[in-house]
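Okay, so here's the structure we're looking at.
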């Protein structure tokens, strides 16, 4: 982080979302040694209002020259060490929108020793100053980005320290075993024999717990990140109707004319707690229409980027050669669900037609017009892409944490080979130290500032 005269610069940023005409208030946050002086220099606080910690002051932000009032504000002081970052933190609560916020921030940034905060820098300072461990800081970012109630609940479990406590408990168990091993390396003749089988069982028990955390994290990934689901099919098989039904609104234009959808339409929904972006693609067919050709090209791109492809076909037409050609366009490794639409037209045409429809082996039979089969469609969609999560899932590691937990589990797995080879105790410590270091990187115990910079660069500005 940048420094001035050996001290950290004071940082400032807007800590709330800013959009024209949106939001009654906005918060500008400052943290660092010049926070109070900078805010004093730009505000007029009338009367005898004490600048004491955890007090709210009323006043105005003044333009340069100290005459024009930019905005009517509240100033909140949280002085070190009783603040989010552990430094002096001062917040200016001004009116929302764009212009007032921009002018107030410009006045703050013009003060000596103050610069614009980098993404995640407030949280990074909180970690470096010991106010937060790394898992809590990451959980706060996940909470801000949560797109569903379930994702917010998992993030809140991390904010409350659930991930940190679980990882630290496992790390302490490994540290206990490492201390026993190191004692035997240095003083084996003076200590009772160490039970190698019991030691190995303890290491493998920790490994099993880590693998369970990794699995839970993988199961919850869809809750945090959401899924991209591409709706693909021939023109006029009902892709737009399906989008509208799942979105519960007329998001796409629906007509009987082929090629109505000429661009890639997106609609964000939540199914069973999982955020999903539905991609309504243009019907893929041979066409001379230049605009429709662009839409079809984007449909091909959507197939590559999708987490799941829903391939619609018309039950009343049956599975055609064109449908099979579309199936072959789905990239290898991308899960797909075959959905027969217009079930309402088929089921009313007699037993022979129904039998023919059964032979099509559709994963789901559905009617966008009546909603028949919608529950089965949602269930099949989530199941096919592995997004069905156990309601008992209480906490989950993110991708970075899961990778480190898996690395620790791999290191502990190597202990089995060390034991099988009958190697001395000092060989056991090598992999054990590696596992302990990986777990320390999860909570921030073993991280360098440069690695922290990379982690927090993915946070939003102002957090």
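Numbering (this note's numbering), first residue to last: 1 to 463. Built from N, CA and C at the ideal position, the CB exists for glycine as well. From a predicted model like this one, the values you see are computed outputs, not experimental measurements.
Taking the Cβ atom as the reference point for each residue, do residue 265 and residue 280 lie within a distance shorter than 7 Å?
Locating residue 265 in the chain shown gives position 265, counting from the first residue. Locating residue 280 in the chain shown gives position 280, counting from the first residue. A contact, by the Cβ cut-off of 7 Å.
Would you identify the three-state DSSP class for residue 91, choosing helix, strand or coil?
Your numbering for residue 91 matches position 91 in the chain shown. DSSP places residue 91 in strand when its eight states are reduced to three.
On the DSSP bridge list, what partners appear for residue 31?
Residue numbering aside, residue 31 sits at position 31 when the chain shown is read from its first letter. The partner list for residue 31 (beta bridge, DSSP) reads 11 and 89.
Assuming residue 170 and residue 206 form a contact by the criterion Cβ under 8 Å, report the distance between their Cβ atoms to the nearest whole angstrom.
On the chain shown, position 170 is the one that residue 170 refers to. On the chain shown, position 206 is the one that residue 206 refers to. About 5 Å separates the two Cβ atoms, so the contact holds.
Below 8 Å on the Cβ atoms is my contact criterion, and I expect residue 455 with residue 401 to pass it. Report the Cβ-Cβ distance as a whole number of Å.
Position 455 of the chain shown holds residue 455. Position 401 of the chain shown holds residue 401. 11 Å between Cβ atoms; not a contact.
Residue 216, DSSP secondary structure in three states
Sequence index remark: in the chain shown, residue 216 carries index 216 (1-based). Three-state DSSP puts residue 216 in a helix.
Residue environment, residue 289, which counts as buried when at least 16 other CB atoms sit within 10 Å:
Start at 1 with the first residue of the chain shown, and residue 289 comes out as number 289. Interpretation of residue 289 is limited by its pLDDT of 49, a score under 50 that renders its predicted location unreliable; no figure is taken from the coordinates.
Buried or exposed, going by whether 16 or more other CB atoms sit within 10 Å of the CB of residue 46?
Stepping through the chain shown from its first residue, residue 46 is reached at position 46. By the 10 Å Cβ count, residue 46 comes out exposed.
For residue 211 versus residue 397, is the C-beta spacing smaller than 7 Å?
Here residue 211 corresponds to residue number 211 of the chain shown, with the count starting at 1. Here residue 397 corresponds to residue number 397 of the chain shown, with the count starting at 1. Result no, Cβ atoms of residue 211 and residue 397 do not sit closer than 7 Å.
For the putative contact between residue 86 and residue 130, defined by C-beta atoms under 8 Å, what is the C-beta separation to the nearest angstrom?
As a first step, residue 86 is located in the chain shown; it is residue number 86 there, counting from the start. As a first step, residue 130 is located in the chain shown; it is residue number 130 there, counting from the start. The pair is a contact, with the Cβ atoms about 7 Å apart (cut-off 8 Å).
C-beta contact flag for residue 334 and residue 309 at 7 Å:
In the chain shown, residue 334 corresponds to position 334, counting from 1. In the chain shown, residue 309 corresponds to position 309, counting from 1. Closer than 7 Å, so yes.
Quick one: using the 10 Å Cβ neighbour count with 16 as the cut-off for buried, is residue 138 buried or exposed?
Within the chain shown, numbered from 1, the residue matching residue 138 stands at position 138. Buried, because 16 or more other Cβ atoms sit within 10 Å of the Cβ of residue 138.
Give the range of the beta strand (DSSP E) segment to which residue 116 is assigned.
Numbered from its first residue, the chain shown carries residue 116 at position 116. That run of the beta strand (DSSP E) goes 114-116.
With three or more beta-carbon pairs closer than 8 Å as the criterion, would you say the region 28-47 touches the region 72-90?
yes
Per the DSSP calculation, residue 336 is bridged to which residue(s)?
The sequence position of residue 336 within the chain shown is 336, counting from 1. For residue 336, which the question treats as bridged, DSSP gives the partners 309.
Taking only three categories from DSSP, how would you classify residue 444?
As a first step, residue 444 is located in the chain shown; it is residue number 444 there, counting from the start. In this structure, residue 444 counts as coil in the three-state DSSP scheme.
Does the region 44-62 touch the region 114-134, meaning 3 or more C-beta pairs lie closer than 8 Å?
no
In the DSSP assignment, find the beta strand (DSSP E) that holds residue 104 and state where it starts and stops.
Along the chain shown, one-based indexing puts residue 104 at 104. Element bounds for residue 104: not the beta strand (DSSP E) but the alpha helix (DSSP H), 99-109.
For residue 195, which of 424, 459 and 151 has the nearest alpha-carbon?
In the chain shown, residue 195 corresponds to position 195, counting from 1. Looking at the Cα atoms, 424 is the closest of the given residues.
Do the region 308-325 and the region 224-242 meet, that is, are 3 or more Cβ pairs less than 8 Å apart?
yes
Per DSSP, cross-strand counterpart(s) of residue 438
Within the chain shown, residue 438 is the residue found at index 438, counting from 1. Note: residue 438 sits in no beta bridge, so no partner.
Could you pull the start and end residues of the beta strand (DSSP E) that residue 318 belongs to?
Numbered from its first residue, the chain shown carries residue 318 at position 318. Taken as a continuous stretch (DSSP letters only), residue 318 belongs to no beta strand (DSSP E), as it is neither H nor E.
Boundaries (first-last residue) of the beta strand (DSSP E) holding residue 75
For this step, residue 75 is matched to residue 75 along the chain shown. Start and end: 69-78.
Would you give the residue range spanned by the beta strand (DSSP E) that residue 227 belongs to?
Along the chain shown, read from residue 1 onward, the residue named residue 227 stands at position 227. 227-233 is the extent of the beta strand (DSSP E) around residue 227.
Across which residues does DSSP place residue 44 in a beta bridge pair?
Taking the first residue of the chain shown as position 1, residue 44 is located at position 44. Beta-bridge pairing links residue 44 to 60.
When you compare the CB positions of residue 395 and residue 163, do they come within less than 7 Å of one another, or not?
Within the chain shown, residue 395 is the residue found at index 395, counting from 1. Within the chain shown, residue 163 is the residue found at index 163, counting from 1. The answer is yes: Cβ separation under 7 Å.
According to DSSP, which residues form a beta bridge with residue 341?
Here residue 341 refers to the residue found at position 341 of the chain shown. The partner list for residue 341 (beta bridge, DSSP) reads 314.
Reference residue 403, options 64, 221, 98 and 94, closest by Cα:
Locating residue 403 in the chain shown gives position 403, counting from the first residue. Selected option, being the one with the closest Cα: 221.
Can you tell me whether residue 22 is helix, strand or coil according to DSSP?
Walking along the chain shown from the start, residue 22 turns up at place 22. DSSP places residue 22 in strand when its eight states are reduced to three.
I'd like the list of long-range same chain contacts for residue 227, defined as Cβ closer than 8 Å, with 5 residues on each side in sequence excluded.
Translated into the one-based positions of the chain shown, residue 227 becomes position 227. The residues are 274, 275, 276, 277, 307, 308, 385 and 387.
Quick one: grab the DSSP three-state call for residue 372.
By one-based count along the chain shown, residue 372 stands at place 372. Three-state result, residue 372: coil.
What residues are listed by DSSP as bridge partners for residue 267?
As a working mapping, residue 267 is identified with position 267 in the chain shown. Note: residue 267 sits in a beta bridge opposite 278.
Same chain, Cβ closer than 7 Å to residue 459, neighbours up to 5 away in sequence not counted
Stepping through the chain shown from its first residue, residue 459 is reached at position 459. Excluding positions up to five away in sequence, the list reads 119, 120, 123 and 141.
Taking a contact to mean a Cβ-Cβ separation below 7 Å, would you say residue 44 touches residue 73 in this structure?
The residue given as residue 44 occupies position 44 in the chain shown. The residue given as residue 73 occupies position 73 in the chain shown. Going by C-beta atoms, residue 44 is not nearer than 7 Å to residue 73.
Considering just the uninterrupted stretch of the alpha helix (DSSP H) at residue 239, what are its terminal residues?
Here the question's residue 239 lines up with position 239 in the chain shown. Where residue 239 is concerned, the enclosing alpha helix (DSSP H) stretches over 239-247.
Classify residue 365 as helix, strand or coil using the three-state DSSP reduction.
On the chain shown, position 365 is the one that residue 365 refers to. In this structure, residue 365 counts as strand in the three-state DSSP scheme.
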